[in-house]
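Residue 46 is where the sequence shown starts when you use the working numbering, and the numbers rise one by one after that.
Idealized CB from N, CA, C, for every residue including glycine.
Since we're looking at a predicted model, the values are computed, not measured.
The structure under discussion appears below in the form of structure tokens.
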Amino acid sequence: FGARDAEALVAEILAVLDDPLFSAAFGPSSQAEAGLAADLPELGTGARVNGRIDRLAVTPDAVLILDYKTNRPAPQSQADTPQVYLAQMALYRAAAAKIFPGRRIVCGLVFTDGPRLLRLSDTVLEAQMADIALRLDRGHLDPEMVRS
């Protein structure tokens, strides 16, 4: 591991930490390993999300949610991102919307390979919630999976 590699790694890390949209998630007012629990009746009676967010920041107008992933190689886009990660973040987003009404919820994944930061679009996360609801309606998803 040479000096040039170390400099490149430091630059990549600083790019993640200094990202204009997510920098507050690494700031002094952010939380690591923040618990999150909310009822999601739109997914059915008794549907509840209970999870742990790797990085959480609540600003006056937004809630920032980041989750670390160790995939190697890291996906280059949302289209390449494993569906299970998108579903997880969609559920976190829905729960945060219940807890912090009126605030914009912004989600992203930090892949340690790189490292690289991938912002997830609201459209993709909304589509994931619709898919989760459809699978629950059809009995293709265990409601207990939504609880955890």
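Straight through space, the alpha carbons of T104 and A172 are spaced by roughly 26 Å. By the neighbour-count definition (other C-beta atoms within 10 Å, threshold 16), I150 is a buried residue. Excluding the 5 residues flanking it on each side, G153 has same chain C-beta neighbours closer than 7 Å at F67, L111, L162, L163, R164, L165, in chain order. Listed in chain order, the beta strand (DSSP E) runs fully inside the stretch 58–109 are 76–84, 93–103, counting runs of at least 3 residues. Per DSSP, the beta-bridge partners of Y113 are V155. Closest by C-alpha distance to S74, out of L109, R117, A140, is L109. Boundaries of the beta strand (DSSP E) around R164: 161–165. In this chain, the alpha helix (DSSP H) harbouring A132 covers 128–144.
Per the coordinates, the alpha-carbon of A119 lies some 6 Å from the alpha-carbon of F156. Your pair A140 and L179 does not check out as a contact, with CB atoms roughly 19 Å apart and the cut at 8 Å.
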